[in-house]
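K.L.:
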Amino acid sequence: MAYDIIIKNGSIVDGTGAPRYKADIGIVDGKIKTIGQIDDEAKEVIDANGLIVSPGFVDGHTHMDAQINWDPLGTCSVWHGITTVVMGNCGFTVAPCAKKDMHLVVRNLERAEDISGEAMAAGIDWTWETFPEYLDTIERLPKGINYSGYVGHSALRTYAMGDRAFSEAPTAEEMALMKRELANSLRAGAIGFSTSRTRNHQTSDGYPVASRMATWDEVRELVGVMSELDTGIFEIASEEVGRDPKAQREYHERLRDLAVESGRPVTWGMFSSRRAPDVWPPYFELLNETADAGGTMFAQVHSRALNVLMSFETRLPFDKFPVWKELRKKPLAEQKVALQDPEMRAKLVAAANGENPDQRKAVGAEMRRPDYNWLLVMDTVAGPHKTIAELAEESGKDPVEVIIDVALEHDLKVFFRQPLFNENQDHVLEMMKHPRSVVTFSDSGAHVSQIMDSAPGRSTR
Numbered sequence: 041m042a043y044d045i046i047i048k049n050g051s052i053v054d055g056t057g058a059p060r061y062k063a064d065i066g067i068v069d070g071k072i073k074t075i076g077q078i079d080d081e082a083k084e085v086i087d088a089n090g091l092i093v094s095p096g097f098v099d100g101h102t103h104m105d106a107q108i109n110w111d112p113l114g115t116c117s118v119w120h121g122i123t124t125v126v127m128g129n130c131g132f133t134v135a136p137c138a139k140k141d142m143h144l145v146v147r148n149l150e151r152a153e154d155i156s157g158e159a160m161a162a163g164i165d166w167t168w169e170t171f172p173e174y175l176d177t178i179e180r181l182p183k184g185i186n187y188s189g190y191v192g193h194s195a196l197r198t199y200a201m202g203d204r205a206f207s208e209a210p211t212a213e214e215m216a217l218m219k220r221e222l223a224n225s226l227r228a229g230a231i232g233f234s235t236s237r238t239r240n241h242q243t244s245d246g247y248p249v250a251s252r253m254a255t256w257d258e259v260r261e262l263v264g265v266m267s268e269l270d271t272g273i274f275e276i277a278s279e280e281v282g283r284d285p286k287a288q289r290e291y292h293e294r295l296r297d298l299a300v301e302s303g304r305p306v307t308w309g310m311f312s313s314r315r316a317p318d319v320w321p322p323y324f325e326l327l328n329e330t331a332d333a334g335g336t337m338f339a340q341v342h343s344r345a346l347n348v349l350m351s352f353e354t355r356l357p358f359d360k361f362p363v364w365k366e367l368r369k370k371p372l373a374e375q376k377v378a379l380q381d382p383e384m385r386a387k388l389v390a391a392a393n394g395e396n397p398d399q400r401k402a403v404g405a406e407m408r409r410p411d412y413n414w415l416l417v418m419d420t421v422a423g424p425h426k427t428i429a430e431l432a433e434e435s436g437k438d439p440v441e442v443i444i445d446v447a448l449e450h451d452l453k454v455f456f457r458q459p460l461f462n463e464n465q466d467h468v469l470e471m472m473k474h475p476r477s478v479v480t481f482s483d484s485g486a487h488v489s490q491i492m493d494s495a496p497g498r499s500t501r
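The structure is reproduced here in structure tokens:
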């Protein structure tokens, strides 16, 4: 038969977990017609020898909710074979949103997404109030990628409570409104409900986002809406219980009981860390324990290290020091001149090695203090990349001075990369292989000047 397109000689990875295999793919009218050895002709033949051919990847953890309004392609997810993204994770969504409270939704979003309130106000056509109206708006937008999304707890709270969402418990009437809006959203196509209880999620002025003010009973009541409708997934940015076995166990029991009692799938993200390598394994034991109890729970895991990116064009970990703060207010050309002045360099190095009064206010992807043994210079695309510690040892200079020298060598247009999590690739592989994990979690659309550094973790499942 005649095909429109034949993709020949590729290695097929089909997303089922089966081993890869070599085959041709024949396409007619935009659909796959044949997989196997194809000797027929086609209007177009693509030689995929040495390449992987697979279904489009599903990125199950993104924050594209605002970005979709000005970026129909969904960059940079689409660059890496992502064809579907799940938005609204961690309780962050741009709907529901009462027109008078747009600033409250932006307050929840702007620090985590790392997009200014001014940019969101300019880039988003706020034509909706309810989540179903938001879905209608998204449906009308031109798109080069498929989207789905959770209803975010922080947005639900500000929709029902206004300013009080950041400080108080809801009244009975406000709770009823949240439940009603969630139910309507699920009926309209939302895939579930998400929340955050992690201290990393703060407003731009350093206060907890609205979802963090909720009690666990409030969370359970909202998850109960999904249980009543027999639909929806519950996604949570987990509480930080650290290494305390008692606190960790209490939290795990709450998650397990919620999954079992509600009958709804529960999901959360997990990384390993060189600073606390013993924290992640109990969470994976929880997955099995929940399944044994009759519930459904799965972990979202990454396929590589999660890196924070720094540069003179974006942010540096020294920016909160007064002398650095004054320097960084200037245009890059003026910064470049100042960095070549020996007296100024000495002040900058001394400040960067001192105590930062704002240090404890840094959260999540915001760098607290660089670890020079892990801080790499991204002066080539593929690497290998040397660490600042290695370059400092070779030159006999202070690491901060090395950072300045390297930046000047590249006209201040070079990135420095430091892994925050998943430094141990053996741990990463173990998490990926767990039968109740999903390889995803790019966080695309969030922390946009800091961690959107490469291909996201992804899934075809």
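Heads up: the sequence shown is residues 41 to 501, going by my numbering.
A virtual CB, placed ideally from N, CA and C, is assigned to each residue, including glycine.
Got a sec, what are the start and stop residues for the alpha helix (DSSP H) Asn-328 sits in?
P.N.:
Start at 1 with the first residue of the sequence shown, and residue 328 comes out as number 288. Segment 320-332, the alpha helix (DSSP H) holding Asn-328.
K.L.:
In terms of DSSP beta bridges, what is Ala-223 paired with?
P.N.:
Counting from 1 along the sequence shown, the entry for residue 223 is found at position 183. Ala-223 pairs with nothing; no bridge assigned.
K.L.:
Per DSSP, Ile-185 is paired with what?
P.N.:
Working through the sequence shown from its first residue, we reach residue 185 at position 145. Per DSSP, none; premise fails for Ile-185.
K.L.:
Starting from Gly-232, follow its DSSP beta bridges and name the residues at the other end.
P.N.:
For the purposes of this step, residue 232 is identified with residue 192 of the sequence shown, where counting begins at 1. BP columns for Gly-232 point to Tyr-190, Ile-273.
K.L.:
Inspect the beta-carbon positions of Leu-295 and Ile-185 and report whether they are closer than 8 Å.
P.N.:
The sequence position of residue 295 within the sequence shown is 255, counting from 1. The sequence position of residue 185 within the sequence shown is 145, counting from 1. No, these two residues do not count as a Cβ contact at 8 Å.
K.L.:
Taking the C-alpha atoms as reference points, what is the distance between Ile-67 and Gln-77?
P.N.:
Residue numbering aside, residue 67 sits at position 27 when the sequence shown is read from its first letter. Residue numbering aside, residue 77 sits at position 37 when the sequence shown is read from its first letter. The alpha-carbon atoms of Ile-67 and Gln-77 are separated by roughly 13 Å.
K.L.:
Trp-308 lies in the beta strand (DSSP E); which residues open and close that run?
P.N.:
Translated into the one-based positions of the sequence shown, residue 308 becomes position 268. First-last of the beta strand (DSSP E) with Trp-308: 306-309.
K.L.:
Going by the beta-carbon positions, is the gap between Gly-131 and Ser-234 smaller than 8 Å?
P.N.:
Reading the sequence shown from its first residue, position 91 is the one you call residue 131. Reading the sequence shown from its first residue, position 194 is the one you call residue 234. Contact: yes.
K.L.:
Taking DSSP as the reference, what is the three-state secondary structure of Gln-77?
P.N.:
Here residue 77 refers to the residue found at position 37 when the sequence shown is read from its first residue. Looking at Gln-77 - three-state DSSP - the assignment turns out to be coil, as it is neither helix nor strand.
K.L.:
Find the nearest neighbour of Val-341 within the set Asp-165, Leu-196, Phe-481, judged by alpha-carbon distance.
P.N.:
What you label residue 341 is simply residue 301 of the sequence shown in a count that begins at 1. Closest by alpha carbon: Phe-481.
K.L.:
Specify the secondary structure class of Asp-438 as computed by DSSP and reduced to three states.
P.N.:
Here residue 438 corresponds to residue number 398 of the sequence shown, with the count starting at 1. Reduced to three states, the DSSP call for Asp-438 is coil.
K.L.:
Applying the criterion that 16 or more other CB atoms from any shown protein chain within 10 Å of the CB defines a buried residue, is Arg-409 buried or exposed?
P.N.:
Walking along the sequence shown from the start, residue 409 turns up at place 369. Exposed, since its Cβ has fewer than 16 Cβ neighbours within 10 Å.
K.L.:
For Asn-347, which of helix, strand or coil comes out of DSSP?
P.N.:
Numbered from its first residue, the sequence shown carries residue 347 at position 307. Note: Asn-347 maps to strand in three-state DSSP.
K.L.:
Got a sec, what are the start and stop residues for the alpha helix (DSSP H) Pro-285 sits in?
P.N.:
The count along the sequence shown starts at 1 and reaches residue 285 at position 245. Its alpha helix (DSSP H) spans residues 285-302.
K.L.:
Relative to the C-alpha of Glu-61, which residue among Tyr-190, Gly-50, Asn-328 is closest?
P.N.:
By one-based count along the sequence shown, residue 61 stands at place 21. Per the sequence shown, the amino acid found at residue 61 is Tyr instead of Glu. Per the Cα distances, Gly-50.
K.L.:
Closest to Ser-225 by C-alpha separation, out of Ile-72, His-193, Met-41, would be which residue?
P.N.:
Looking up residue 225 in the sequence shown gives position 185. With distances taken between Cα atoms, Ser-225 lies closest to His-193.
K.L.:
Could you tell me the distance, in whole angstroms, from the CA atom of Val-446 to the CA atom of Met-418?
P.N.:
Counting from one through the sequence shown, the residue named residue 446 turns up at place 406. Counting from one through the sequence shown, the residue named residue 418 turns up at place 378. Taking the straight line from one Cα to the other gives about 10 Å.
K.L.:
Helix or strand or just coil, what does DSSP make of Asn-65?
P.N.:
As a position in the sequence shown, residue 65 is number 25, starting the count at 1. It should be pointed out that residue 65 corresponds to Ile in this sequence rather than to Asn. Three-state result, Ile-65: strand.
K.L.:
If you draw a straight line from the C-alpha of Ala-82 to the C-alpha of Asp-44, how long is it?
P.N.:
Within the sequence shown, numbered from 1, the residue matching residue 82 stands at position 42. Within the sequence shown, numbered from 1, the residue matching residue 44 stands at position 4. About 5 Å.
K.L.:
Using DSSP with H/G/I as helix, E/B as strand and the rest coil, what is Tyr-174?
P.N.:
Looking up residue 174 in the sequence shown gives position 134. It is helical.
K.L.:
In this structure, how does DSSP classify Leu-448 when only helix, strand and coil are distinguished?
P.N.:
Here residue 448 corresponds to residue number 408 of the sequence shown, with the count starting at 1. If DSSP states are grouped into helix, strand and coil, Leu-448 belongs with the helices.
K.L.:
Name the DSSP bridge partner or partners of Glu-84?
P.N.:
Locating residue 84 in the sequence shown gives position 44, counting from the first residue. Answer is Ile-45.
K.L.:
Among residues of its own chain, excluding the 5 on either side of Ala-316, which ones have a beta-carbon nearer than 7 Å to its beta-carbon?
P.N.:
Mapped onto the sequence shown, residue 316 falls at position 276. If we look at Ala-316 and ignore the five residues flanking it on each side, its Cβ neighbours are Arg-283.
K.L.:
Identify which residue in Ala-429, Glu-441, Arg-147 has its Cα closest to the Cα of Met-160.
P.N.:
What you label residue 160 is simply residue 120 of the sequence shown in a count that begins at 1. For the residues Ala-429, Glu-441, Arg-147, the minimum Cα distance to Met-160 belongs to Arg-147.
K.L.:
Helix, strand or coil: how does DSSP classify Lys-376 here?
P.N.:
Working through the sequence shown from its first residue, we reach residue 376 at position 336. It is helical.
K.L.:
From which residue to which residue does the beta strand (DSSP E) around Val-479 run?
P.N.:
As a first step, residue 479 must be located in the sequence shown, where it is residue number 439. Val-479 -> beta strand (DSSP E) spans 477-479.
K.L.:
Taking just the CA atoms, how far does Ala-432 sit from Ile-273?
P.N.:
As a first step, residue 273 must be located in the sequence shown, where it is residue number 233. As a first step, residue 432 must be located in the sequence shown, where it is residue number 392. Looking at the two C-alpha atoms, the distance is approximately 49 Å.
K.L.:
For a test of the three-state rule: what should DSSP assign to Arg-204, helix, strand or coil?
P.N.:
Looking up residue 204 in the sequence shown gives position 164. Residue state, collapsed to three classes: helix.
K.L.:
Where does Ser-484 fall in DSSP's three states?
P.N.:
Within the sequence shown, residue 484 is the residue found at index 444, counting from 1. Ser-484: strand per DSSP, three-state reduction.
K.L.:
Output needed for Ser-494: all residues of its chain with C-beta closer than 6 Å, excluding positions within five of it in sequence on either side, in chain order.
P.N.:
The residue given as residue 494 occupies position 454 in the sequence shown. Low confidence applies to Ser-494: its pLDDT is 42, below 50, so where it sits in the model is not reliable, and the reading given next is rough at best. Cβ within range, chain order: n/a, list empty.
K.L.:
For Asp-54, does the three-state DSSP call read helix, strand or coil?
P.N.:
For the purposes of this step, residue 54 is taken as residue 14 along the sequence shown, with counting starting at 1. Correct three-state label for Asp-54: coil.
K.L.:
Going by the CB atoms, is the gap between Asp-99 and Ser-351 shorter than 8 Å?
P.N.:
As a working mapping, residue 351 is identified with position 311 in the sequence shown. As a working mapping, residue 99 is identified with position 59 in the sequence shown. Not in contact: Ser-351 and Asp-99 (Cβ atoms no closer than 8 Å).
K.L.:
In terms of residue numbering, what span does the beta strand (DSSP E) encompassing Asp-99 cover?
P.N.:
Numbered from its first residue, the sequence shown carries residue 99 at position 59. Element bounds for Asp-99: 97-99.
K.L.:
Tell me the rounded alpha-carbon separation between Asp-411 and Gln-458.
P.N.:
Stepping through the sequence shown from its first residue, residue 411 is reached at position 371. Stepping through the sequence shown from its first residue, residue 458 is reached at position 418. The alpha-carbon atoms of Asp-411 and Gln-458 are separated by roughly 8 Å.
K.L.:
In three-state DSSP terms, what is Lys-473?
P.N.:
The sequence position of residue 473 within the sequence shown is 433, counting from 1. If DSSP states are grouped into helix, strand and coil, Lys-473 belongs with the helices.
K.L.:
If you reduce the DSSP assignment to three classes, tell me which class Ile-72 lands in.
P.N.:
Locating residue 72 in the sequence shown gives position 32, where the first residue counts as 1. Ile-72 falls in the strand class under three-state DSSP.
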